[in-house]
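Enquirer:
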């Protein structure tokens, strides 16, 4: 395996190669940095690249290994999204509106470094994480490695683009309404939104009133399990990947809210995956019953807009935000307090409804998105409210699981007729991330998705 192949090997395989002595961390990190220098001018995946520190950390990892030390991610290059605190830098959240520097690394970053990971850079996101694409007027567009005319999704678009392009072995994203699953689906990666409160967001707490969690965006299921073993110690995620147990899987194509269509190629990807799971011996059942009424999407919209407003208010210079971001925050400020309280209170009813589903099934299989990836700038000419409605239709299968806190993942499921990635979503019962890893691991072994590179 040469260094280019190693860049596309994924974090788990990279850790094995480094442990075996096939490469040094210095070799691997330097090659990732060369690839960033060559490709990121066009992709725009990184907000910051830490060239000098990354090379120094790689040398430190090699010195540790020479002394006989080891760690789960020793010397592996990773990237982190720009809403995670890095000591001495402003936590920019996709904006130019933050001047205050963070005194310490986020707990996620601290755990990555303690596990030996080399933080290569900080990846881009749309302002305040509000959109399923990664674009702004001042930073431009982050582009999809599979097609530069298309978006890698959002809000963890930079993280996904960096992994898909072989610029890092893995990346961390955050997900408040699909922001790990959307870009993973758009770029042919595995992206897992863990169970709420499993991965600490410290120094932040209760981000977006509990909607936001952090998790891995990776090439392989085993990569995600390895990162979760580091970020959520005490649970053996890696062992779950090779589990062969039979599962009860519900399949649904019913959207959250009426009148929302599902693209034929997306529908086919879900049904083909259901067929593959049945062939693998699982009990697969079509379940298209209502989990909730229209008050569910309306309540989520209230929470989303309220979160935009409160996040804007915490910025140093909100006047530097794009006009569209300010317009979304203004909608949030206009919400009456009783509406916000009612939306938050609705969580209990939604959770009870989903608990009933998972009393009968181990997993739920749905689309991730209702359509293939967006084109760059596709919604630029739409008024803010129209763009919000388009985003809600596109992501209809995702935000319920941020409200209830259930783990959910995007799993690659082939490509469109034009070569763009497709994906399906797997959702599990509360605190059952490992079952998602089990099913996804079986799907990857049966139908590998990493044999094609962008």
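In our numbering, the protein residues as written are 9 to 462.
Beta carbons are placed, not taken as given, at the ideal position from N, Cα and C, and that holds for glycine.
Could you tell me the alpha carbon to alpha carbon distance between residue 152 and residue 382, rounded to whole angstroms?
Expert: To locate residue 152, count along the chain shown from 1; it is residue 144. To locate residue 382, count along the chain shown from 1; it is residue 374. Distance between the alpha carbons of residue 152 and residue 382: 10 Å.
Enquirer: Does the segment 327 to 336 come into contact with the segment 97 to 106, if we say contact requires no fewer than three beta-carbon pairs (one atom in each stretch) closer than 8 Å?
Expert: Short answer: they touch.
Enquirer: Grouping DSSP H, G and I as helix and E and B as strand, with all else coil, what is residue 290?
Expert: On the chain shown, position 282 is the one that residue 290 refers to. Three-state DSSP puts residue 290 in coil, outside helix and strand.
Enquirer: Using 10 angstroms around the beta-carbon of residue 272, count the other beta-carbons present and answer buried if the total reaches 16, otherwise exposed.
Expert: For the purposes of this step, residue 272 is identified with residue 264 of the chain shown, where counting begins at 1. Flag for residue 272 reads exposed.
Enquirer: Does the Cβ-Cβ distance between residue 396 and residue 158 come in under 8 Å?
Expert: Looking up residue 396 in the chain shown gives position 388. Looking up residue 158 in the chain shown gives position 150. Not a contact, by the Cβ cut-off of 8 Å.
Enquirer: Let me confirm a value: residue 130 is counted as buried when at least 16 other C-beta atoms fall within 10 Å, else exposed. Which label applies?
Expert: The sequence position of residue 130 within the chain shown is 122, counting from 1. That one is buried.
Enquirer: Taking the DSSP output, what are the residues bridged to residue 118?
Expert: Here the question's residue 118 lines up with position 110 in the chain shown. Paired residue(s): none; residue 118 is not in a bridge.
Enquirer: Less than 8 Å between the CB atoms is what I'm expecting for residue 97 and residue 109, so what's the real figure, rounded?
Expert: Numbered from its first residue, the chain shown carries residue 97 at position 89. Numbered from its first residue, the chain shown carries residue 109 at position 101. Sure, about 6 Å apart at Cβ, within 8 Å.
Enquirer: Indicate the three-state DSSP secondary structure (helix, strand or coil) for residue 435 in the structure shown.
Expert: The sequence position of residue 435 within the chain shown is 427, counting from 1. Note: residue 435 maps to strand in three-state DSSP.
Enquirer: So the candidates are 307, 339, 436; which of them puts its Cα closest to the Cα of residue 368?
Expert: As a position in the chain shown, residue 368 is number 360, starting the count at 1. Of the listed residues, the one whose Cα sits closest to residue 368 is 436.
Enquirer: If you reduce the DSSP assignment to three classes, tell me which class residue 262 lands in.
Expert: Counting from one through the chain shown, the residue named residue 262 turns up at place 254. Coil at residue 262, not helix or strand.
Enquirer: Near residue 461, what residues of its chain come up, given a Cβ to Cβ distance below 8 Å and the 5 sequence neighbours on each side ignored?
Expert: Reading the chain shown from its first residue, position 453 is the one you call residue 461. Result list for residue 461: 16, 174, in chain order.
Enquirer: Just how far apart, CA to CA, sit residue 262 and residue 361?
Expert: Looking up residue 262 in the chain shown gives position 254. Looking up residue 361 in the chain shown gives position 353. Taking the straight line from one Cα to the other gives about 15 Å.
Enquirer: Take every Cβ of the segment 190 to 203, pair it with every Cβ of the segment 36 to 51, and state whether three or more of those distances are shorter than 8 Å.
Expert: The segment 190 to 203 is not in contact with the segment 36 to 51.
Enquirer: For the alpha helix (DSSP H) containing residue 366, name the first residue and the last one.
Expert: Taking the chain shown and counting its residues from 1, one reaches residue 366 at position 358. Segment 355 to 368, the alpha helix (DSSP H) holding residue 366.
Enquirer: Secondary structure at residue 386, three-state DSSP: helix, strand or coil?
Expert: Here residue 386 refers to the residue found at position 378 when the chain shown is read from its first residue. If DSSP states are grouped into helix, strand and coil, residue 386 belongs with coil.
Enquirer: What runs of the beta strand (DSSP E), each 3 residues or longer, lie entirely inside the segment 59 to 92?
Expert: Runs found: 85 to 89.
Enquirer: Measuring CA to CA, which of 290, 52, 232, 306 is closest to residue 404?
Expert: For the purposes of this step, residue 404 is taken as the residue at position 396 of the chain shown. Ranking the options by Cα distance to residue 404, first place goes to 306.
Enquirer: Assign residue 425 to one of two classes, buried (16 or more other C-beta atoms within 10 Å of its C-beta) or exposed (fewer than that).
Expert: As a working note, residue 425 is residue 417 in the chain shown. Flag for residue 425 reads exposed.
Enquirer: When the Cα of residue 25 is compared with those of 449, 453, 285, 78, which residue comes out closest?
Expert: The residue given as residue 25 occupies position 17 in the chain shown. If we check each option's Cα against that of residue 25, 78 comes out closest.
Enquirer: Counting beta carbon pairs with one atom in the segment 84 to 92 and one in the segment 303 to 320, are three or more of them shorter than 8 Å?
Expert: No contact exists between the segment 303 to 320 and the segment 84 to 92.
Enquirer: Which residues in the same chain have their Cβ closer than 8 Å to the Cβ of residue 257, if we skip the five residues on either side of it in sequence?
Expert: Residue 257 sits at position 249 when you count from the first residue of the chain shown. 282, 285, 290, 291, 292, 293, 369, 370, 371, 372, 373, 447.
Enquirer: Closest Cβ-Cβ distance between residue 234 and chain B: below 8 Å?
Expert: Of the protein chains in the structure, only one exists, and it is not chain B.
Enquirer: Residue 410 bridges to which residues according to DSSP?
Expert: Indexing the chain shown from 1 puts residue 410 at position 402. Answer is none; residue 410 lacks a bridge partner.
Enquirer: If you pair each beta-carbon of the segment 328 to 347 with each one of the segment 158 to 170, do three or more pairs fall below 8 Å?
Expert: As far as the Cβ criterion goes, the segment 328 to 347 does not touch the segment 158 to 170, which means the pair count is below three.
Enquirer: Could you give the C-beta distance for residue 69 and residue 126, rounded to a whole number, given that I count them as a contact under 8 Å?
Expert: As a position in the chain shown, residue 69 is number 61, starting the count at 1. As a position in the chain shown, residue 126 is number 118, starting the count at 1. The Cβ separation is near 6 Å, so the contact holds.
Enquirer: If I follow the unbroken beta strand (DSSP E) through residue 304, where does it start and stop?
Expert: For the purposes of this step, residue 304 is taken as residue 296 along the chain shown, with counting starting at 1. Where residue 304 is concerned, there is no enclosing beta strand (DSSP E), although the alpha helix (DSSP H) it sits in stretches over 303 to 321.
Enquirer: What's the call for residue 413, buried or exposed, on a 16-neighbour Cβ count within 10 Å?
Expert: The residue labelled residue 413 in the question sits at position 405 within the chain shown. So residue 413 counts as buried.
Enquirer: Give the straight-line distance between the Cα atoms of residue 31 and residue 232, rounded to the nearest whole angstrom.
Expert: Locating residue 31 in the chain shown gives position 23, counting from the first residue. Locating residue 232 in the chain shown gives position 224, counting from the first residue. The alpha-carbon atoms of residue 31 and residue 232 are separated by roughly 22 Å.
Enquirer: Check for me: the beta strand (DSSP E) holding residue 225 runs from which residue to which?
Expert: Within the chain shown, numbered from 1, the residue matching residue 225 stands at position 217. That run of the beta strand (DSSP E) goes 221 to 226.
Enquirer: Who are residue 126's beta bridge partners in DSSP?
Expert: Within the chain shown, the letter at position 118 stands for residue 126. DSSP lists 85 as partners of residue 126.
Enquirer: Which residue from 430, 304, 390, 66 puts its Cα closest to that of residue 516?
Expert: Residue numbering for the chain in the displayed model covers 9 to 462; residue 516 lies beyond these limits and cannot be assessed.
Enquirer: Identify the residues that DSSP records as bridge partners of residue 147: which are they?
Expert: Position 139 of the chain shown holds residue 147. DSSP lists no partner for residue 147.
Enquirer: Check the C-beta distance from residue 132 over to residue 55 and give it rounded, since I have them as a contact under 8 Å.
Expert: Stepping through the chain shown from its first residue, residue 132 is reached at position 124. Stepping through the chain shown from its first residue, residue 55 is reached at position 47. About 5 Å separates the two Cβ atoms, so the contact holds.
Enquirer: What number of angstroms, rounded off, separates the C-alpha of residue 399 from the C-alpha of residue 44?
Expert: Position 391 of the chain shown, counted from the first residue, corresponds to residue 399. Position 36 of the chain shown, counted from the first residue, corresponds to residue 44. About 30 Å.
Enquirer: Give every residue of the same chain whose Cβ lies closer than 8 Å to the Cβ of residue 434, excluding the five residues on either side of it in the sequence, and list them in chain order.
Expert: Locating residue 434 in the chain shown gives position 426, where the first residue counts as 1. Closer than 8 Å at the Cβ level, and outside the excluded window around residue 434, lie 371, 372, 373, 416, 417, 419, 444, 447, 448.
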